[in-house]
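For this note's numbering, add 123 to where a residue sits in the sequence shown, where the first one is 1. In this text, a Cβ means the ideal position worked out from N, Cα and C, and glycines have one as well.
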Amino acid sequence: MTRPPFEEPTEADVRTVSRQLGRPARDVVGIAARCVCGAPTVVSTRPRLHDGTPFPTFYYLTHPAATAAVSTLEAEGDMPGLAALLVDDVAAQYRAAHESYLADRATYGSVDEIAGISAGGMPDRVKCLHALVGHALAAGPGVNPIGDLALERSAWSPAVCECAEYGDAP
């Protein structure tokens with residue numbers, strides 16, 4: 124678990140993330156979570172890309188096994204059930220997660236076009252489990268309740284390295 128400001132990613136980190144994504148990594152400002160082997164799992168991205176595009180997704184899940192497991196949850200229809208949990212204490216925790224996300228992103232600048240917009244549907248919807256799990260992995264347990272639950276329900280564990288099968292192990 125890490126919080127901004129992050130150490131700058133190494134050239135090896137950027138190469139690994141590019142391989143994970145299948146395209147060049149863009150505007151990565153830090154590695155917010157790592158696999159137990161040290162490979163990047165979640166990157167943090169500038170809120171405004173170098174080409175000027177606003178980019179609200181500050182915590183971006185990159186690990187292929189994690190993204191595949193979360194994609195399976197979405198395909199199996201877990202999002203409505205998770206959204207139904209957004210009442211009372213869970214809703215308050217989710218709103219706090221949204222505020223935490225915005226504060227973390229603001230460390231790297233303010234972008235008017237995305238002011239108040241975090242990721243994953245926060246603070247009142249469940250829209251993208253990849254973004255929510257990325258936030259949960261970066262911020263640590265107890266910060267994003269929906270991200271934590273999605274991670275728990277997924278077939279992927281941050282405690283088990285699956286990087287070798289993707290060629291990402293350092």
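- Of the residues ALA162, GLY145 and VAL166, the one whose Cα lies closest to the Cα of ILE154 is VAL166.
- Closest in C-alpha terms to VAL266, from the list THR176, ALA229, ARG248 and GLU222, comes GLU222.
- With 16 or more other CB atoms across the displayed protein chains lying within 10 angstroms of its CB, VAL234 is buried.
- Rounded to the nearest whole angstrom, the C-alpha separation of ARG169 and PHE181 is 7 Å.
- Contact between PRO127 and THR230 is confirmed by a C-beta separation of about 4 Å, below the 8 Å threshold.
- In the structure shown, the three-state DSSP call for LEU272 is helix.
- SER167 has GLY153 and TYR182 as its beta-bridge partners, per DSSP.
- Residue state for PRO246 is assigned as coil, using DSSP reduced to three classes.
- Distance from the CA of GLY257 to the CA of GLU236, rounded to the nearest whole angstrom, comes to 22 Å.
- As the crow flies, the alpha-carbon of ASP212 is around 30 Å from that of GLY232.
- Between the segment 277 to 290 and the segment 175 to 195 there are three or more C-beta pairs closer than 8 Å, enough to call the two in contact.
- For HIS221, the uninterrupted alpha helix (DSSP H) segment begins and ends at 211 to 229.
- When secondary structure is reduced to three states using DSSP, PRO187 falls in the helix class.
- Under a 10 Å Cβ-count criterion, LEU172 is classified as exposed, with fewer than 16 other Cβ atoms of the shown protein chains found around its own Cβ.
- A Cβ-Cβ separation of about 12 Å leaves GLN216 out of contact with PRO264 under the 8 Å criterion.
- Excluding the 5 residues flanking it on each side, LEU225 has same chain C-beta neighbours closer than 6 Å at SER241, in chain order.
- CYS160 is classed as exposed because its beta carbon has fewer than 16 other beta carbons within 10 Å across all chains shown.
- Rounded to the nearest whole angstrom, the C-alpha separation of VAL193 and PRO177 is 25 Å.
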